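**Q** Residue numbering for the sequence shown follows the working numbering, starting at 172 and increasing by one per position.
Positions of the beta carbon are idealized from the N, C-alpha and C atoms, including for glycine.
Since the model is a prediction, treat every value here as computed from it, not as a measurement.
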Amino acid sequence: MTIGNQIKSYMRKPHNVILVVLAISLTFLTLFPLLSLIRDTITVHPSELMSVRGSRVGDLTPFHWRKVFLDGETSQNLFYKPFWNTMYVSMWSCMAALMLGGSVAWLVTRSDLRWKSFISTAFIFPYIMPSWTLAMAWLNFFRNRLIGGAPGLFTALTGIETANWFAYGAFPIIMVLGLHYAPFAYILIGGILRNMDANLEEAAVILKAGRFKILSRITLPIVMPAVLSTFLLVFSSAMSAFAVPAFLGTPVRFQVLTTQLYRTLNGLNPGYGYIMALVMILIGTGILMVNQWFVGKRKSFTTVTGKSSNISLAKLRVLRTPISVLLVAMILMVSILPLVTFAVESFILAPGDYSTKNLTTQFWVGEGRPDIGGGEPGILLNKYIYLGLWNSIRLSVTVALVAGTIGALAGYAIVRARGTRLSTLVNNLAFFPYLMPSMAFGA
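(1) Would you list, in sequence order, the uninterrupted alpha helix (DSSP H) runs of no fewer than 4 residues that lie entirely inside the region 205–247?
(2) What would DSSP say about I550, mapped onto helix, strand or coil?
(3) Please report the Cβ distance between S525 and A308, rounded to the nearest whole angstrom; I am assuming they are in contact, meaning their Cβ atoms lie under 8 Å.
(4) What residue from L193, G381, T173 and G175 has the CA that sits closest to T576's CA?
(5) Could you tell me the distance, in whole angstroms, from the CA atom of R424 to the CA atom of P416?
(6) Could you tell me whether the region 420–439 touches the region 181–200, where touching means 3 or more Cβ pairs closer than 8 Å?
(7) Please report the distance separating the alpha-carbon of V239 from that of G442.
(8) What do you reckon, is the C-beta of T201 under 6 Å from a heavy atom of the ligand GTP?
(9) Whose C-alpha, out of A571, A588, A485 and I564, is nearest the C-alpha of L278?
(10) Quick one, which of G320, F342, E538 and R224 has its alpha-carbon nearest E332's?
(11) Quick check on V347: buried or exposed, where buried means 16 or more other Cβ atoms within 10 Å of its Cβ?
(12) To the nearest angstrom, how far is the alpha carbon of A267 from that of W303?
(13) Comparing alpha-carbon positions, which option in H351, G381 and L371 lies nearest R392?
(14) Can you check DSSP and say which residues form a bridge with A485?
(15) Among V586, N462, S264 and P493, whose alpha-carbon lies nearest the alpha-carbon of I189?
(16) Pull up the distance between the alpha-carbon of A380 and that of S288, whole angstroms please.
(17) Taking A579 as the reference, which of A409, I209, A601 and Y357 has the closest Cα?
(18) Measuring straight from C-alpha to C-alpha, what distance separates A448 and L208?
(19) Can you check which of these residues, L596, L269 and V215, is closest to G361 by C-alpha distance?
(20) Excluding sequence positions up to five away, which residues of its chain have a Cβ less than 7 Å from the Cβ of Y357?
(21) Quick one: what's got a C-beta closer than 6 Å to M182's C-beta in the same chain, skipping five residues either side?
(22) In this structure, what does DSSP give as the bridge partners for R543?
(23) So, using beta-carbon positions, are F312 and F296 closer together than 7 Å?
(24) Just verifying my parser: in three-state terms, what is the DSSP assignment at L391?
(25) Would you please state the rounded distance, in angstroms, between the beta carbons of L487 and I494? I believe it to be under 8 Å.
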C-alpha cells in the first residue's frame, strides 16, 4: 500500500482526523507560546535598558538568569523565598484538600453517616465559589487592627484581636486553598469508592482480614490513582493561584511565585517574571510525568466470577450524629459565612464600625457621591456593573461551550486511539496549558 493510500485509510476514521487537527492546533497554541516565553527570559525588554547597561531592546543576555538565581541576597528575596513559600503553601494545601475531601468521600460512601444526600451536594459548593471570595471572607471576618487598620467581624463581635499569623500569611492561604480544592478530592476519590467492586473487600472479610488491612492493602491501592490525580490538580492550581496569596499574603509581605510574577511582569524587569513562569511550568510538567508513570504502574484488579454486592457500611455508632452535625456545620460555614460577610460589609460605610449608625444603602442604590467610592453610584444604578456582568456571562458561556466541545472531542479521540503515539501526544498537549500560569500565558 502506497503512502497516499495509507494516509487516506488513516483519515477515514473520524477519531484520527480529530487527533490530527487537535495535535496541530494544540502545538500552535501551547508550544509556540512556550518557546516565546523561553525567548523572553534571555531578551532585553524596553523597560530594562537602565538595568542592562550597554544593551539594546531585543539583545540576548543572561542578565535575568544571573539575577534570579546567582545574585546572593537579591536572588533570595526575588526567587528563592517566594519559591519555598510556594512549595510550602501548595504542599500543605494538597494535604488539607486530600484529608478533608478524602475523609468526606469515605464517610459518604463507606459509613452510615447521616444526611448523605445533603452533604454530598453541598460539599461541592466551595469549589463553585471563586477562591478569592473565600479569601475576602477570611479577611472580612478575621482581619485585625495591626495591619488591616479596621477590625473584622470576629474582633467586632468578640473583642478578641486575631494574631497576624492567623489573619494573614501562610496559614490562611493554606486553609482557603485547601477548602476550595477539597471537592476535587471528594469527587475523584468518592467516585472510585462508590464504583469499586465490593467482591475484593468481601473476599478479604471472609479471610478474616482486619478493617485496617483491607483499607491499606485493597482500598488504598485502588484509590491511589485518584489520590495522585487530585494531588496533581490541587498542587498545580495552588501553585498558580494568585488572588488568594495576593489578598492574604501581601499585607505581611508573604510572597509566592505568582505574586512575584505579577510584580515583575508589570514592573521594570519582566524578564524575571518569565523565568519564574518557566520554573512553574517545569514543576507542573514534572508532577504530570510522575503521575502518569505511577498511574501506568498501578495494579489492576478483575473479578472473574460472581456478582458484586454492596459492601457493608462502617458503623460510626455514638460518633454518627456528632460527625454528621460537624460536617453540616463546616459546610454551612464555608458556604454561607462568606455570603453573610459580604452582605454585612456592603452596608458598612466606614470599615470596622459595625454600629447601626454606620449602616448605609449607598453602595446598593445610592447616587454617586464624590466622597464615597470615587463618585460611583450604587451597583443597582451603575450601568458599568451591568455591562461587566453581561461580559462575564458572555465570556463564561463561550469558554464553557468551546472548552467542553474540544474536551469531549479530545476525550473521544484519545480513548478510541488509546496506546498510539498521536493519542498520547494529544493527551499531554491538552493538559499542558493547565500547567502554565495564566498570567504568563496571557503575557
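**A** Reading off the structure:
(1) Complete alpha helix (DSSP H) runs here, min 4: 234–240.
(2) To locate residue 550, count along the sequence shown from 1; it is residue 379. Here I550 sits in helix by DSSP.
(3) In the sequence shown, counting from the first residue as 1, residue 525 sits at position 354. In the sequence shown, counting from the first residue as 1, residue 308 sits at position 137. According to the sequence as given, residue 525 is Tyr; it is not Ser. So it is not a contact: roughly 16 Å between Cβ atoms.
(4) In the sequence shown, counting from the first residue as 1, residue 576 sits at position 405. When only C-alpha atoms are compared, the closest one is L193.
(5) Reading the sequence shown from its first residue, position 253 is the one you call residue 424. Reading the sequence shown from its first residue, position 245 is the one you call residue 416. Distance from the CA atom of R424 to the CA atom of P416, rounded to whole angstroms, is 10 Å.
(6) As far as the Cβ criterion goes, the region 420–439 does not touch the region 181–200, which means the pair count is below three.
(7) By 1-based counting over the sequence shown, the position of residue 239 is 68. By 1-based counting over the sequence shown, the position of residue 442 is 271. Rounded to whole angstroms, V239 to G442 spans 9 Å at the Cα level.
(8) Although the ligand GTP was asked about, the structure shown includes no ligands whatsoever.
(9) Working through the sequence shown from its first residue, we reach residue 278 at position 107. For L278, the nearest C-alpha among the options comes from A485.
(10) In the sequence shown, the residue the question calls residue 332 occupies position 161. E332 has its Cα closest to that of G320, out of G320, F342, E538 and R224.
(11) Counting from 1 along the sequence shown, the entry for residue 347 is found at position 176. Within a 10 Å sphere around the beta-carbon of V347 sit 16 or more other beta-carbons, which makes this residue buried.
(12) Position 96 of the sequence shown, counted from the first residue, corresponds to residue 267. Position 132 of the sequence shown, counted from the first residue, corresponds to residue 303. Straight-line Cα distance between these residues: approximately 18 Å.
(13) If you number the sequence shown from 1, residue 392 lands on position 221. One detail in the question is off: residue 392 reads as Pro in this sequence, not Arg. Checking every option, the nearest Cα to that of P392 belongs to L371.
(14) Walking along the sequence shown from the start, residue 485 turns up at place 314. A485 has S282 as its beta-bridge partners, per DSSP.
(15) Taking the first residue of the sequence shown as 1, we reach residue 189 at position 18. Taking only the C-alpha atoms, the option nearest I189 is V586.
(16) Start at 1 with the first residue of the sequence shown, and residue 380 comes out as number 209. Start at 1 with the first residue of the sequence shown, and residue 288 comes out as number 117. Taking the straight line from one Cα to the other gives about 31 Å.
(17) In the sequence shown, residue 579 corresponds to position 408, counting from 1. For A579, the nearest C-alpha among the options comes from A601.
(18) On the sequence shown, residue 448 is found 277 positions in, with the first residue counted as 1. On the sequence shown, residue 208 is found 37 positions in, with the first residue counted as 1. Rounded to whole angstroms, A448 to L208 spans 8 Å at the Cα level.
(19) Translated into the one-based positions of the sequence shown, residue 361 becomes position 190. For the residues L596, L269 and V215, the minimum Cα distance to G361 belongs to L269.
(20) As a position in the sequence shown, residue 357 is number 186, starting the count at 1. Counting only Cβ-Cβ distances below 7 Å, and skipping sequence neighbours, we find G272, V275, A276 and F294.
(21) Taking the first residue of the sequence shown as 1, we reach residue 182 at position 11. Taken in chain order, the residues that qualify are V188.
(22) Here the question's residue 543 lines up with position 372 in the sequence shown. As written in the sequence, residue 543 is Ile, which differs from the Arg given in the question. The partner list for I543 (beta bridge, DSSP) reads R540.
(23) As a position in the sequence shown, residue 312 is number 141, starting the count at 1. As a position in the sequence shown, residue 296 is number 125, starting the count at 1. Taking C-beta atoms as the reference points, F312 and F296 fail to come closer than 7 Å.
(24) As a first step, residue 391 is located in the sequence shown; it is residue number 220 there, counting from the start. Three-state DSSP puts L391 in a helix.
(25) To locate residue 487, count along the sequence shown from 1; it is residue 316. To locate residue 494, count along the sequence shown from 1; it is residue 323. Sure, about 6 Å apart at Cβ, within 8 Å.
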